[in-house]
Every structure is written in structure tokens, then in C-alpha cells.
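Residue numbers (my numbering): 71 to 495.
The beta-carbon is built from N, C-alpha and C at its ideal position, and this holds for glycine as well.
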Amino acid sequence: MHRKARVLLAMASLWVAMICLCSPAIAQKPIILGAPLSTAFLYGWDAERGIKLAVEEINAAGGVKVGAEKRPFQVDVIDTRDLEPGVPVSEALLALEKLILEKKADFIIGGPVRSEAALAAIPLLSKHKKISILTTGSLTPKYNEMVASNPDKFKYCFRISGEAKWMVTGEVVPCLEHIRKEFGLDRLIIMVQDVAHARAGGELLAKIMAGKGWNVLGQPHVFPTGASDFSMGLLEAKKQNAQVILIWMDMPESSILLKQWHDMKVPALPFGTIISAAEQPGFWQATEGKGEYCLANVVNAGNTPCEATPWTMKFVDAYKAKYGLEPEGYGTSSSYMAVYTLKDAIERAGTMDPDKVVEALKNTDLMGVYGRIRFDPKSNQVIPATDPKEGAVGTIFQWQAGKRVVVFPQSIATGKILLPPWMKK
71 MHRKARVLLA MASLWVAMIC LCSPAIAQKP IILGAPLSTA FLYGWDAERG IKLAVEEINA
131 AGGVKVGAEK RPFQVDVIDT RDLEPGVPVS EALLALEKLI LEKKADFIIG GPVRSEAALA
191 AIPLLSKHKK ISILTTGSLT PKYNEMVASN PDKFKYCFRI SGEAKWMVTG EVVPCLEHIR
251 KEFGLDRLII MVQDVAHARA GGELLAKIMA GKGWNVLGQP HVFPTGASDF SMGLLEAKKQ
311 NAQVILIWMD MPESSILLKQ WHDMKVPALP FGTIISAAEQ PGFWQATEGK GEYCLANVVN
371 AGNTPCEATP WTMKFVDAYK AKYGLEPEGY GTSSSYMAVY TLKDAIERAG TMDPDKVVEA
431 LKNTDLMGVY GRIRFDPKSN QVIPATDPKE GAVGTIFQWQ AGKRVVVFPQ SIATGKILLP
491 PWMKK
């Protein structure tokens, strides 16, 4: 009996050894991806899901080739809470430092999500020579400007998602001009959340559109974070015969604004430059369909279904299969692509040495979910475009009959902009 047990034990040991030999990606030390994200908010949880989907796919395919060996990715997520009201930037930095010092993260992907925290993290990442790929939340152009101001010191910081300056001048303004050309609408009222990026964005758009001959109706209407009644602003839109309502709000209560807009039958097209509530697939049900005709900008293609590249719908379908719903909003496709872009750079570098991986990232030329992925050589900002063959393409969609239909840019559009029936003569 004892002899039989010894034979079985020997066979089991041999079997384990054979599995290890045949599965080098599992046997090798993992490459740790630290993900500092504000996980209670859309721009945090969708980024986490995008990162984990990419890691799962890469590991299933054998992992990352580092020189002569294959190694798997491992994700460590930490909640920075940096999108929560009143949470200081220092808390996000402590979370980031914990990923670096305690979790021994090899690379940082995702956040910090809040612009102020992302900017404050640049010197810390450079101090530790830790490569970071920013994928969600922070839209401030100050990020790439800061990197460009000292490209040798801050060379470890990359951003693979869009930024506000391009989003406004390259996407929102051209789309508004298309609306004017298509429908003859040019009376604009602006509604923003009482946060720095929204106030600044609203003022910038008011200035730009007035310069283009639009009739901008007064100063942007500012609503406090957490506001639950927008009727006064909507009544003003009616009174001044507004034809387009430009909305810049990342609070979930913006769904109430759309409900009130529908119930009041305000004859103006709602356009969300940033409107997180409308980005999500569940928005239709949450507003009982009253959010129909609202336009929303989700920054990068792939955050809603379209065929920007052959990879776009593969990503959308894989996300649906894993999480049971379509990609949820800004930060999803860019977080997914960041992992694949890092894999590509590590394999080309043939090493984990951060300086060599930085050089490989700078030489990236990869066709991804939302177009051609390349980085500006000085600022490490992903190069944007309106054609996916040329660069990273954004997406503006409109809710139509329960679906998010891409309407801009024309190169990836799946439908045309529609006006609500109470706007038609």
C-alpha cells in the first residue's frame, strides 16, 4: 500500500513538472501593473474592466515575451478616491506610492484620475523611474505640456487617451459647425457643473463659438455638484429661444437634466461635451427613454460600438461577453489599449529596463481599437486625428431609439444626427 502511494506521488510530481514546463507564462514571475483608480466612479471602474480584459486575453495567449522568456501580467488595483468630493490630492499620491513601494508595481496604468492628482504624480513617477500610461479621467492639456517642458526628467509619463484642447477644437467645435450647416441652428446656451474643468471648458467654448458667429446666449449657467433641479436653466433656454444646449457635467445627476428637458419639451438639442450619465449603456433605462436625442462625447472610439478599425468590434464583443454590457464610457477602450501598447513596447525592447521601454513606447506605431497609436515625441501624448488611419480617433454619439449611434467624426459614423420631434416645424 505504501509503495503504491509513493508511485502515485511520484507520478503527480512528474505531472506538475510537465505542466510547468509546458506553461512558461504561468511559471514565470508576473509583470505587475499597478492601477491607481477612483473605483467608485465610472471613469475608474470602466478603466479597471478594460485593463483586466486586456490582461486576461494576453495571458491566455501566452503572456509577454521578455527577451527569451514569457511572463504573465498581473493587475493590482488601488482606490485613489480622487474623484470623491473633499478628498485631498495627497491621498491619491499615497495610494500611488503604495503601489510602487509595497506592491512592487513594474508599471502604472490608468490614473490617478483627477487632473490635479495626475499632475502631482508626474514628479513622483519620475523620481521612481516608473513608466506610467494615463488612460482615463484627466483631460487637462497641462499634463502633456508639463511632460514637454522637461522631456528628459518626465520621460516616463505617457497619456494614451484624449485631452481637452483637442476634444474641444478637433471634435466638439467641428461637430457643432456640422449641426449649424445641417440644420441651421446657431443659438447656443451653455450649462456646466461648478468644478474647475467644466467652468473653464464652458467659458472656452463660449468664446470660440461666439468667434465663429454663433449667438451665445449669456454666460455659462453654473450648477453645483449634486444639483437635482435644472428647471431654471431650461426655462431660460426656452425664453431665449436656444437651439443647442451645451452641457459639461461629470455628475450622475445630469440624467435629471435630460429628464426635465424632455418633460418640458425644450426645443433645443442637448449636446454633452462631458456628460458621464449619458455615456453609460444603462442611461436609456435610467431616464425611461427621455434622454433620447442627447449627444455625448466619449473621447475615444470603441467606448461605444462602431467600426473605426477591425479591432473595434472585437473589443466591444469581448467586453460584452465578459461583463454583460457594452463598453461603458470614457476610459474603457484607452485602458484596454494601454495594456496592449505596453506589451508591444516591452517585446520590442526585449527587456524590462524602464529607459529602454520608454524608447520603445516613443517609437510605437500600432493600429488599435480607436485608430493608429503613436505618441508625440516630446510630450508623450497620443497623437489624435479624425481618421483612424492617421491617429487616435474620438467619438460623439447620439441616443436614438435606445441605442448609442456614432454621429461624429464622419470617418467612423454609423448614423446621422436627429432632432427631437418638437424641434421640427
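Return the Cβ separation of residue i and residue j in integer angstroms, given the expectation that the two are a contact with Cβ distance under 8 angstroms.
i    : j    : result
Y113 : V183 : 5 angstroms
S403 : G180 : Between G180 and S403 the Cβ distance is about 13 angstroms, and since that is not below 8 angstroms, they are no contact.
K225 : V452 : K225 to V452, Cβ: 16 angstroms. No contact.
R257 : N311 : 6 angstroms
K448 : A218 : 5 angstroms
P211 : A190 : The Cβ separation is near 16 angstroms, so there is no contact.
V134 : M237 : With a Cβ gap of about 32 angstroms, V134 and M237 do not count as contacting.
I487 : E252 : 7 angstroms
P340 : T374 : That belief does not hold up - the Cβ atoms of P340 and T374 are roughly 17 angstroms apart, past 8 angstroms.
G254 : G401 : 35 angstroms between Cβ atoms; not a contact.
Beta-carbon separation of residue i and residue j under 7 angstroms?
i    : j    : result
A162 : D176 : no
D457 : S481 : yes
I317 : G352 : no
G441 : W354 : no
Q313 : A338 : yes
V439 : G372 : yes
S298 : D320 : no
T411 : T379 : no
E349 : G296 : no
G485 : V475 : yes
A280 : T205 : no
H198 : I170 : yes
I102 : D146 : yes
I201 : M216 : no
K384 : I128 : no
I230 : N367 : no
L327 : T357 : no
A307 : I259 : yes
Residue i: buried (16+ other C-beta within 10 angstroms of its C-beta) or exposed?
i    : result
Q468 : buried
Q263 : buried
M38  : Given that the chain is displayed from residue 71 to residue 495, the structure contains no residue 38 and the question cannot be resolved.
A131 : exposed
M437 : exposed
W331 : buried
L395 : exposed
P106 : buried
N220 : exposed
E154 : exposed
K309 : exposed
A188 : buried
L365 : buried
L246 : buried
E241 : buried
G156 : exposed
Quick check on the DSSP output: the alpha helix (DSSP H) that includes residue i runs from which residue to which?
i    : result
R474 : Note, R474: premise wrong, no alpha helix (DSSP H); beta strand (DSSP E) at K473 to F478.
V159 : V159 to L171
H248 : V243 to F253
K432 : P424 to K432
G180 : Counting along the chain, G180 falls outside any alpha helix (DSSP H), though it belongs to the beta strand (DSSP E) covering F177 to G180.
E349 : S346 to E349
M261 : Unbroken run through M261 is the beta strand (DSSP E), R257 to Q263; no alpha helix (DSSP H).
F385 : T382 to Y393
V409 : T402 to A419
H291 : Segment H291 to F293 is the beta strand (DSSP E) holding H291; no alpha helix (DSSP H) there.
G372 : It is not in any alpha helix (DSSP H) - G372 carries neither H nor E in the DSSP assignment.
G281 : A266 to G281
I192 : S185 to K197
Could you tell me which of the options sits nearest to residue i, measuring between CA atoms?
i    : options                   : result
A408 : F111, S108, A391 and K122 : K122
A138 : G485, L489, K432 and A419 : A419
K392 : A124, I453, K135 and S449 : A124
F228 : W331, A165, A430 and T109 : A430
L274 : A455, P290, A110 and L195 : P290
I278 : T239, P340, V147 and E167 : T239
K335 : L304, G359, D414 and T109 : L304
D12  : L195, A266 and H248       : Outside the modelled stretch of the chain, which goes from 71 to 495, sits residue 12, for which no answer is possible.
K459 : I466, R444 and M216       : R444
F300 : E323, G283, P490 and L287 : E323
Q98  : F111, V136 and K173       : V136
E417 : K140, V386 and G104       : K140
At what residues does the beta strand (DSSP E) containing residue i begin and finish?
i    : result
L106 : The question names Leu, but residue 106 is Pro in the sequence shown. Looking at the DSSP string, the run of the beta strand (DSSP E) that includes P106 is I101 to L107.
R151 : First-last for R151: undefined, no H or E at that position.
N367 : L365 to N367
E139 : E139 to R141
W354 : Per DSSP, W354 belongs to no beta strand (DSSP E); it is in the alpha helix (DSSP H), F353 to A356.
W115 : Element bounds for W115: not the beta strand (DSSP E) but the alpha helix (DSSP H), L112 to A130.
W318 : V314 to M319
V136 : V134 to V136
I482 : From DSSP, I482 is part of no beta strand (DSSP E); its letter is neither H nor E.
Q468 : I466 to Q470
Distance cutoff 7 angstroms, beta carbons only. Does residue i sit that close to anything in chain C?
i    : result
V265 : Of the protein chains in this structure there is only one, and it is not chain C.
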